[in-house]
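Presented below is the structure to which this report refers.
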Amino acid sequence: MSFFFAVTTPFGISLGIALSKAYKENSPTALITVGLLNASSAGLLIYMALVDSSLCRFHGPKLQGSIKLQIKAYVAVLLGTGGMSLMAKWA
Numbered sequence: 000m001s002f003f004f005a006v007t008t009p010f011g012i013s014l015g016i017a018l019s020k021a022y023k024e025n026s027p028t029a030l031i032t033v034g035l036l037n038a039s040s041a042g043l044l045i046y047m048a049l050v051d052s053s054l055c056r057f058h059g060p061k062l063q064g065s066i067k068l069q070i071k072a073y074v075a076v077l078l079g080t081g082g083m084s085l086m087a088k089w090a
């Protein structure tokens, strides 16, 4: 992993510098590309937050033993997700 990070990071930086000369910021292709990349990165972040991080906590013995605690946890997740969505509207 360290090797691939060490190799791909400078390659990505040099590719970005090379493409920046031909990049037209307001062209339809650039806008679609930026939109697709933003959507895919946001989807990955949502997946990581909801599935990888929270799933192990929701299947723990403490939450499985209490319905009241499960409801509170799900409400907290929904409020947090709603709050982040509301903040994203202004960003």
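Mind the numbering: the sequence shown is residues 0 to 90 in numbering that gives the first Met the number 0, read in order. We put the CB at the ideal spot given by N, CA and C, even for glycine. Treat the numbers as computed from the prediction; the structure is a model and nothing was measured.
Residue i, enclosing alpha helix (DSSP H) - first and last residue
{"i": "methionine 83", "result": "66-89"}
Secondary structure of residue i, DSSP reduced to three states
{"i": "lysine 61", "result": "helix"}
{"i": "methionine 0", "result": "coil"}
Which runs of the beta strand (DSSP E), 3 residues or longer, sit entirely within the region 3-55? none
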